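Below you'll find the structure, written out as structure tokens, and then a few comments.
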Amino acid sequence: MSGVSDLKSFDSPFNQKASQYINRRINEKIEIYDLTLEADGEEMAGLRFKHSERIEIAKILNEAGIHRIAIIGNSPKPTKGDIKSAEKIVELGLKTRTSGFVKTIAEITTCYKIGLKDITILVGVNEKTLSPGTNGKTIIDNSKQLIDHAKTLGLHVTFMGMDTTRATPEFLKYLFSQLEPMFDEYAIGDSLGRMTPFGIQYLVELISSWTCKPIQLHPHNTTSMATANCLSAVLNGVSVLHSSINGLGEFAGLSATEECTAAIEVHAGIPLGINFSKLQEASKLVSKITGIPIPPNKPITGKTAFAIPETEEIQEFMFKLHLEGRFNLGMPLIPDLVGAKRIFSIG
Numbered sequence: 064m065s066g067v068s069d070l071k072s073f074d075s076p077f078n079q080k081a082s083q084y085i086n087r088r089i090n091e092k093i094e095i096y097d098l099t100l101e102a103d104g105e106e107m108a109g110l111r112f113k114h115s116e117r118i119e120i121a122k123i124l125n126e127a128g129i130h131r132i133a134i135i136g137n138s139p140k141p142t143k144g145d146i147k148s149a150e151k152i153v154e155l156g157l158k159t160r161t162s163g164f165v166k167t168i169a170e171i172t173t174c175y176k177i178g179l180k181d182i183t184i185l186v187g188v189n190e191k192t193l194s195p196g197t198n199g200k201t202i203i204d205n206s207k208q209l210i211d212h213a214k215t216l217g218l219h220v221t222f223m224g225m226d227t228t229r230a231t232p233e234f235l236k237y238l239f240s241q242l243e244p245m246f247d248e249y250a251i252g253d254s255l256g257r258m259t260p261f262g263i264q265y266l267v268e269l270i271s272s273w274t275c276k277p278i279q280l281h282p283h284n285t286t287s288m289a290t291a292n293c294l295s296a297v298l299n300g301v302s303v304l305h306s307s308i309n310g311l312g313e314f315a316g317l318s319a320t321e322e323c324t325a326a327i328e329v330h331a332g333i334p335l336g337i338n339f340s341k342l343q344e345a346s347k348l349v350s351k352i353t354g355i356p357i358p359p360n361k362p363i364t365g366k367t368a369f370a371i372p373e374t375e376e377i378q379e380f381m382f383k384l385h386l387e388g389r390f391n392l393g394m395p396l397i398p399d400l401v402g403a404k405r406i407f408s409i410g
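Mapping of the sequence shown onto the numbering used here: residues 64 to 410, in sequence order.
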């Protein structure tokens with residue numbers, strides 16, 4: 064496990080001069096909510112986990128110190144296999160908090176019966192995408208029924224507004240006025256990955272004016288903004304970040320858990336308590352299971368992410384730094400701090 068002070072030392076001093084850093088509102092505790100085993104991971108085209116694979120992934124995420132993992136999804140119709148796997152994972156008694164993603168009363172009841180204490184209720188909040196004959200009132204009424212049922216069962220409820228980032232501010236404000244007293248946490252769904260770090264800052268500030276309850280971010284990676292959006296979210300008061308191993312997910316996927324955690328520790332200076340060596344193992348395991356290779360230049364877990372190029376000039380420079388005891392000055396990060404290895408390329 065890395066010391067955050069070590070990773071923090073690799074941040075650029077110019078970052079600390081930016082107004083977003085000077086005026087930041089960081090919570091004392093930041094949590095990673097991994098969705099590899101929820102439908103968001105399996106919604107990647109052509110992907111489906113076996114029962115044994117689900118168990119193996121859940122165990123390695125727990126060993127890595129991931130704070131929360133979703134273990135059942137495929138909403139609104141989880142399969143018998145999904146439910147069986149979730150039951151088995153609950154029986155393991157993992158340290159990480161386990162939860163389910165749901166859209167129906169039946170799913171909420173299922174989560175309760177298999178022993179889950181936490182659920183995330185998914186409701187679309189973008190009025191522009193509603194089916195004919197439905198409106199904002201329909202959204203509110205349906206949401207109240209779902210939350211009320213979950214609360215009757217004693218469950219901790221995160222309300223995730225799917226497509227929050229394309230909804231109107233007026234409707235979001237109305238939604239909070241009606242539902243905020245009922246849920247425990249709110250998750251901003253950037254369901255199509257349309258946000259930038261600047262938009263995240265504005266939206267989090269807006270939502271924070273309507274609630275003091277914990278805010279989460281569900282960031283899709285359409286234009287490679289997901290990890291940057293996670294950092295912006297943390298700097299502005301979000302306390303829980305959704306991610307998946309290797310960035311699995313529908314369309315371009317989510318923020319990669321291994322990249323998001325490193326970014327938060329380096330650039331926000333927040334100790335997450337993550338075992339990066341285990342995250343490296345998780346990345347390789349998920350790659351093996353899915354058959355999706357890890358790009359060699361992928362941040363944190365790519366084979367060449369910390370490889371010294373074979374260019375003579377660069378190798379001479381790095382060797383000189385090594386002799387002077389300053390080798391780390393030439394590296395993006397110390398590989399050991401994120402569970403990786405230093406490699407010298409020989410041409």
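Quick reminder that beta carbons are idealized off the backbone N, C-alpha and C, glycines included.
Only a predicted model underlies this, so the values are computations on that prediction, with no experimental measurement involved.
So, at 6 angstroms on beta carbons, what are the nonlocal neighbours of Ile135 in its own chain, with the 5 sequence-adjacent residues on each side left out? Pro141, Asp145, Ala149 and Gly163
Could you give the DSSP three-state label for Ile355: helix, strand or coil? coil
Among Met381, Lys191 and Pro277, which one has its Cα closest to the Cα of Met225? Lys191
Secondary structure of Gly109, DSSP reduced to three states: coil
Rounded C-alpha distance that separates Ser194 from Pro334: 44 angstroms
By the DSSP assignment, the alpha helix (DSSP H) with Gly144 in it spans what residues? Lys143 to Glu154
Taking the DSSP output, what are the residues bridged to Thr161? Ile132
Cβ of Phe234 within 9 angstroms of Cβ of Ile210? no
First and last residue of the alpha helix (DSSP H) that includes His305? Here His305 belongs to no alpha helix (DSSP H); instead the beta strand (DSSP E) covers Val303 to Ser306.
Check for me: the alpha helix (DSSP H) holding Phe77 runs from which residue to which? Unbroken run through Phe77: none, as it is neither H nor E.
Taking the alpha carbon of Asn292 as the reference point, which residue from Asp69, Glu116, Leu266 and His130 has its own alpha carbon closest? Leu266
Whole angstroms is fine: what's the gap from Gly109's alpha carbon to His283's? 18 angstroms
Among Ile270, Asn338, Arg87 and Thr215, the one whose alpha carbon lies nearest that of Leu238: Ile270
Cα-Cα, which of Leu317, Gly388, Leu386 and Gly187 is closest to Leu103? It is worth fixing the name first, because residue 103 is Asp in this sequence and not Leu. Closest option to Asp103, Cα to Cα, is Leu317.
Do Arg131 and Thr161 count as a contact pair if the criterion is CB distance below 9 angstroms? yes
Keeping to the same chain, check which residues put their C-beta closer than 8 angstroms to that of Phe73; ignore five residues upstream and five downstream. Val329, Pro395, Leu396 and Ile397
On the CB-based measure, 16 or more other CB atoms within 10 Å of its CB, does Gly156 come out buried or exposed? exposed
Supposed contact pair Glu94 and Glu313 - C-beta distance, whole angstroms, cut 8 angstroms: No, Glu313 and Glu94 are not in contact; Cβ-Cβ is about 23 angstroms, not under 8 angstroms.
Quick check on DSSP: helix, strand or coil for Ile171? helix
If you draw a straight line from the alpha carbon of Phe77 to that of Gln83, how long is it in whole angstroms? 11 angstroms
I'd like the list of long-range same chain contacts for Thr274, defined as Cβ closer than 8 angstroms, with 5 residues on each side in sequence excluded. Phe239, Glu243 and Tyr249
If you compare alpha carbons, which of Val153, Phe369 and Lys383 is closest to Glu375? Lys383
Quick one: complete alpha helix (DSSP H) runs, 4+ long, within the region 240 to 272? 260 to 271
Span of the alpha helix (DSSP H) holding Met381? Glu375 to Leu386
May I ask you to report which of helix, strand or coil DSSP gives Leu100? coil
For the beta strand (DSSP E) holding His281, just list the boundary residues, first then last. Ile278 to Pro282
Since Val297 contacts Pro277 with CB under 8 angstroms, what's their CB separation in whole angstroms? Contact flag wrong, Cβ pair sits at about 12 angstroms.
Which of helix, strand or coil DSSP assigns to Ile406: strand
Alpha carbon to alpha carbon, how far is Met258 from Asn299? Give it in angstroms, no decimals. 15 angstroms
Starting from Gly199, follow the beta strand (DSSP E) in both directions and report where the run begins and ends. Where Gly199 is concerned, there is no enclosing beta strand (DSSP E), although the alpha helix (DSSP H) it sits in stretches over Gly199 to Thr215.
For Thr285, the three-state DSSP class (helix, strand or coil): coil
Proximal residues to Pro232 (C-beta, below 8 angstroms), its chain only, five neighbours per side dropped: Leu269
Element boundaries [alpha helix (DSSP H), containing Thr324]: Thr320 to Ala326
Quick check on the burial criterion: 16 or more other C-beta atoms within 10 angstroms. Buried or exposed for Thr159? buried
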